[in-house]
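> Residue numbers (the numbering used here): 216 to 326.
#1: State yes or no: is the C-beta of residue 316 within less than 9 Å of the C-beta of residue 267?
#2: Going by C-alpha distance, which of 273, 223, 230 and 250 is nearest residue 307?
#3: Short of 8 Å in beta carbon distance, which residues of its chain neighbour residue 256, apart from the five on each side in sequence? Order them along the chain.
#4: Can you round the beta-carbon distance between residue 262 and residue 277 to whole angstroms, since I take them to be within the 8 Å contact cut?
#5: Within 10 angstroms of its Cβ, does residue 228 collect 16 or more other Cβ (buried), or is it exposed?
#6: Do you know whose CA, among 269, 246, 253 and 238, lies nearest residue 260's CA?
#7: So within the region 221-292, which uninterrupted beta strand (DSSP E) runs reach at least 3 residues, ignoring any that extend past its ends?
#8: Taking residue 333 as the reference, give the member of 271, 218, 326 and 252 with the closest Cα.
Encoded structure:
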């Protein structure tokens with residue numbers, strides 16, 4: 216599950232649609248409700264399998280989707296420069312070319 220920066224220090228929230236916060240990484244273990252644990256591990260480097268939100272081509276920069284929870288989409292790289300808001304949402308680089316709603320391997324660039 217993709218986790219995003221929370222408002223308080225050392226906190227993360229699950230990715231939701233239309234969320235404009237920085238990605239922190241993918242969970243490495245499950246969090247059980249009311250189990251007393253307050254920390255979970257996040258994967259920030261390496262390769263993960265994510266679900267695409269739209270067409271993605273090999274080599275594209277991918278970011279957290281702004282329209283669908285827990286999915287990734289191609290970063291807007293059509294202009295000559297990226298805004299800092301776009302840059303901070305980048306998760307990594309696509310290793311596959313895929314259609315919408317398809318599993319895509321992503322080389323994480325968060326760490």
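Even glycine gets a Cβ: it sits at the ideal position worked out from N, Cα and C. As the structure is a computational prediction, the values presented were derived from the model and not from experiment.
Reading it off the structure:
#1: yes
#2: 273
#3: 242, 243 and 244
#4: 12 Å between Cβ atoms; not a contact.
#5: exposed
#6: 238
#7: 227-229, 238-242, 262-266, 276-279 and 287-289
#8: This structure leaves residue 333 out entirely; the chain is present only between 216 and 326.
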